[in-house]
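Here the structure comes first, spelled out in structure tokens, and everything after it is commentary.
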Amino acid sequence: MVSETVQGSCVTNGGTKSNESFKRKHLGSDEHASASRHDSSDAKGDIGTSERDIAANINEDTQADDASKKVRLPKELTFQDMYNNQDAFDDDDEDDSDWEPVQKHIEILKWFCTNCTMVNLDDVFLCDICGEHKESGILRHGFYASPFSPEVELVQVESEATGREKEIWSEASASNCSTAVGFDERMLLHSEVEIKSHPHPERPDRLRAIAASLSAAGIFPGKCCLIPAREITLEELQMVHSSEHIEVVELTRQMFSSYFTPDTYANEHSAHAARLAAGLCADLASAIFSGRVRNGFALVRPPGHHAGVTQAMGFCLHNNAAVAALAAQAAGAKKVLIVDWDVHHGNGTQEIFDQNKSVLYISLHRHEGGKFYPGTGSAFEVGTKGAEGYCVNIPWSRGGVGDNDYIFAFQHVVLPIASKFAPDFTIISAGFDAARGDPLGCCDVTPAGYTQMTHMLSTLSGGKLLVVLEGGYNLRSISSSATAVIKVLLGESCECEPENVVPSKAGLLTVLEVLKIQMKYWPNLSSSFEKLQLQRAMYSVEKKQKQVKRRRVFEPPLWWRWGRKQLLFHILTGHFHLK
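Counting in our numbering, the sequence shown runs from 304 upward without gaps.
Below you can see the structure in the form of structure tokens.
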């Protein structure tokens, strides 16, 4: 919880009191003068006045005259009057300290949602954006925790039940492990040191929420085995990044706080965390391709797909997916497929493999004509210098894209190209910021959608699949989605792939645009393109029919066509349009 203090100035009631005393000083002198005139008119011959009374009268008259000489003030004073007539209040004989303004502190308490980091006022218990409770237990129980209360007994009972499963699976996993997880708590030390008005979305709680969800489900520890962490070597990094970039990242070890870009931070532990993340991805790729494990999930941060050859950006320091791809090739893989479903285009990964025909990069992301971060990734970016067609971008033209559009793109673009490429190893750059509820992605993919996409990709490369965590900033969304993906890796059955997926109009147009461009390099897409062209034409005909039907709500009599209502007849029948 964070409290914000607003300072305001106000004048105490002492100002009114002093003003009244100031008036009484004038009124007292007037009354005395009036009384003296009255006494002198009634008794002109009275001479019985003492010297003490005369001196007192003279002193009072002198004080009244002196005060009147300073200023004649209005009865109701404003701050401007006080400022313009400061000398009127300079009285050494009186204590005028009550005129000094008193600073009053007005505290506005607010709290930031643990789930989505959005700000809320202190008197609200549920987040206005995501509905998460102020004291959510998501970091302890993951997405199994109730979003409406701090703790729920049902969650505790479930955790106790899954505890027995953990014991059973821990014994089995030691001898026979099919799915490996890469994780190290030292990656949690990478965090933004500088305190700003809003928490950074790429925060350690992202890993904590996913780990808590896997633990509550009895998946990890339990059904998955842990890969020991190590720092990536300089030689391995130099295969991906320039020496200058590596040196710049290493310099942050000597700095308490630093920034590569306004939104890409580092502290003294960040370089170590980035090297651990890259090392875990490299070792997972080697272990999967060599057959020691069937597949794996890299629960790592900082993310990597924006990190290019020479620069860190977009919360990313080293490109973990690129490191994993080259590690798989070093282990013997000839062709590697990288599918990036993060809502942001992986400009760094595309740059690294832009001229490499042995790595096929496919990205599904929001683009909106280059207006969405990072602005790259149009459908026309297909690779360069002999590697044309080995970069496939599926750029959504709007937000709110959901399961149907993603699965439709997988069916008609991703899988046909990937099957033709026939990879030996598959990597998913799994950003979960396209998930429903993410504050940055603003899309609508559900855990069921991620389940379907993972299941489709698991059929490639003999099931040798590595999932690398990228973005995702709603803790409930990323933890539920990551858990759903790992369940697919573990072999849990999922619903059958839907055959007749109906995309949105914008999604259909995007897929058609990509097919038209990529047909030059992947001829097997032509049949799908022709089929979808017919589907688009049918949509257009249906739309026109609906419009005509709306216009023909009222059918005019036929004889109106030749009478005085001829114009009205043509308007109602759609033969004439008013602008």
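Think of the CB as a built atom: it goes at the ideal place given N, C-alpha and C, for glycine as much as any other residue. It should be emphasised that the depicted structure is a prediction, and the values quoted were computed from it without experimental measurement.
Proximity to Ile-720 across Gly-810, Ser-439, Val-685, Cys-746 peaks at Val-685, based on C-alpha coordinates. Looking at the DSSP output, Thr-564 shares a beta bridge with Thr-567. In this structure, Tyr-753 and Ala-787 form a Cβ contact; the two beta carbons are roughly 6 Å apart against a cut-off of 8 Å. Taking 7 Å as the cut-off, the Cβ atoms of Asp-708 and Pro-801 do not count as close.
As a beta-bridge residue in DSSP terms, Leu-429 pairs with His-436. The C-beta of His-501 has fewer than 16 other C-beta atoms within 10 Å across all chains shown, which makes the residue exposed. With respect to the C-alpha of Gln-821, the residue from Ser-783, Leu-663, Cys-584, Phe-735 having the closest C-alpha is Leu-663. Between Ala-625 and Val-543, the C-beta spacing is below 7 Å.
Judged by DSSP in its simplified three-state form, Phe-724 adopts helix.
A distance below 6 Å between beta-carbons, with the five flanking residues on each side excluded, links Glu-488 to no residue of its chain.
Taking C-beta separations shorter than 6 Å and ignoring five residues to either side along the sequence, Asp-566 has no partners in its chain.
DSSP places Arg-595 outside both helix and strand once states are collapsed to three, so it counts as coil. Looking at the DSSP output, Val-695 bridges to Ile-665. Met-490 sits in a helix when the DSSP states are folded into three classes. Following the DSSP letters along the chain, one finds Val-642 inside the beta strand (DSSP E) bounded by residues 639-643.
Rounded to whole angstroms, the separation of the alpha carbons of Ser-439 and Asp-431 is 14 Å. By the Cβ criterion, the segment 492-506 is not in contact with the segment 535-553, since fewer than three pairs of Cβ atoms, one from each stretch, lie closer than 8 Å. Residue pairing by DSSP places Ile-820 opposite no residue, since no beta bridge is assigned to it. In the three-state reduction of the DSSP assignment, Ala-625 falls in the helix class, which pools H, G and I. With respect to Leu-602, Val-484 sits close: the two C-beta atoms are nearer than 7 Å.
Note on the segment 696-760: whole alpha helix (DSSP H) runs with a minimum of 4 residues are 706-712, 718-724, 750-760, in chain order.
Note: Met-616 is bridge-paired with Cys-619 in the DSSP secondary-structure output.
Each residue's CA atom was taken as its position, placing Arg-443 and Ala-520 some 12 Å apart. DSSP places Val-770 in the uninterrupted beta strand (DSSP E) bounded by 768-772. A contact is defined here as three or more CB-CB pairs under 8 Å, and the segment 731-741 meets this definition with respect to the segment 633-647. Beta bridge pairing from DSSP links Phe-600 with Val-484, Val-770.
Pairing Phe-415 with Val-427, the inter-Cα distance amounts to about 11 Å. For Ile-789, the secondary structure class from DSSP, reduced to helix, strand or coil, is helix. Classified as exposed, Lys-834 has fewer than 16 neighbouring CB atoms from the shown chains inside 10 Å of its CB. Residue burial annotation: Leu-540 is buried, with at least 16 other C-beta atoms found within 10 angstroms of its C-beta.
Boundaries of the alpha helix (DSSP H) harbouring Leu-517: 508-519, taken from the DSSP string. Excluding residues up to 5 positions away in sequence, Phe-559, Ser-560, Asn-570 lie with their Cβ nearer than 7 Å to the Cβ of Val-496 in the same chain. The shortest C-alpha to C-alpha distance from Arg-701 to any of Cys-694, Ser-661, Cys-745 is the one to Cys-745. The three-state reading of DSSP puts Ile-535 in coil, since its state is none of H, G, I, E or B. Residue pairing by DSSP leaves Leu-540 without any beta bridge partner. Beyond the five residues adjoining it in sequence on each side, Ala-585 comes within less than 7 Å, by CB distance, of Ile-535, Glu-539, Val-626, Ala-627, Ala-630 in the same chain, given in chain order.
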